[in-house]
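Each residue of the sequence shown is one higher than the last, beginning at 260 in our numbering.
Built from N, CA and C at the ideal position, the CB exists for glycine as well.
Notes to accompany the following structure.
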Amino acid sequence: MKVNTKKGKGWIKLSLNPSVYPLATIYSAGYIFLDKAYIYLDKESKNKIAVFIYPKKKSQNLDKIAGEFYNELLNYAHYYTSLKTNADAVKMLMQRALFSAEPSLAKEAEEEEIADLIKELEEEEDKSREK
260 MKVNTKKGKG
270 WIKLSLNPSV
280 YPLATIYSAG
290 YIFLDKAYIY
300 LDKESKNKIA
310 VFIYPKKKSQ
320 NLDKIAGEFY
330 NELLNYAHYY
340 TSLKTNADAV
350 KMLMQRALFS
360 AEPSLAKEAE
370 EEEIADLIKE
380 LEEEEDKSRE
390 K
């Protein structure tokens with residue numbers, strides 16, 4: 260397996276591209292490792308983030324713990340991608356749940372939406388009159 264790592268005595272460094280693994284993904288993966296290792300993050304360059312992993316148990320295999328960290332990165336990258344993809348569906352489900360619990364909320368939201376649409380139409384009409 261060819262990965263961008265560097266090993267020292269009792270630590271391993273991963274060099275990550277933030278356009279592949281955004282900072283939120285790196286934070287999430289690091290958080291999962293808090294019970295296994297000490298994690299230190301640093302900016303290597305404009306397009307590289309260094310993740311230093313210091314296992315809490317000295318007997319831990321550095322390559323294995325790096326592989327596990329990469330697996331967590333992939334896990335959270337998938338999670339955040341799915342979250343973005345499904346955001347509209349989740350929002351709709353939450354609205355339906357709230358509206359079914361309190362039907363007056365649905366009526367208020369509907370009235371606000373109608374008022375916003377009327378306001379937009381009036382603004383467009385005013386702009387067309389000015390021309």
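Residue span of the beta strand (DSSP E) that contains residue i, given as start and end
| i | result |
| --- | --- |
| Glu-327 | Looking at the DSSP string, Glu-327 is not in any beta strand (DSSP E); the run it does join, the alpha helix (DSSP H), is 321-344. |
| Lys-265 | 264-267 |
| Val-310 | 307-314 |
Assumed close pair residue i, residue j - CB separation to whole angstroms, cut-off 8 Å
| i | j | result |
| --- | --- | --- |
| Ala-309 | Lys-266 | Not quite, the Cβ-Cβ distance comes to about 13 Å (not below 8 Å), so this is no contact. |
| Asn-263 | Ser-278 | Going by Cβ atoms, the distance from Asn-263 to Ser-278 rounds to 14 Å, so no, they are not a contact pair. |
| Lys-268 | Ala-296 | Not confirmed; about 15 Å, so no contact. |
Residue i, buried or exposed, once every other Cβ within 10 Å from all chains shown has been counted against 16
| i | result |
| --- | --- |
| Leu-376 | exposed |
| Ala-356 | exposed |
| Ala-368 | exposed |
| Gly-289 | buried |
| Tyr-285 | According to the sequence displayed, residue 285 carries Ile and not Tyr. It is buried - the Cβ of Ile-285 has at least 16 other Cβ atoms within 10 Å. |
| Ser-300 | The sequence given here has Leu at residue 300, not Ser. Leu-300 comes out exposed. |
| Leu-342 | exposed |
| Leu-380 | exposed |
| Lys-386 | exposed |
Selected residue, minimal CA-CA separation from residue i, among the options
| i | options | result |
| --- | --- | --- |
| Tyr-280 | Lys-366, Tyr-339, Lys-350 | Tyr-339 |
| Leu-333 | Asp-322, Ser-287, Thr-344 | Ser-287 |
Beta-carbon gap between residue i and residue j smaller than 8 Å
| i | j | result |
| --- | --- | --- |
| Ile-312 | Ile-291 | no |
Bounding residues of the alpha helix (DSSP H) (the contiguous stretch that carries residue i)
| i | result |
| --- | --- |
| Leu-282 | 282-291 |
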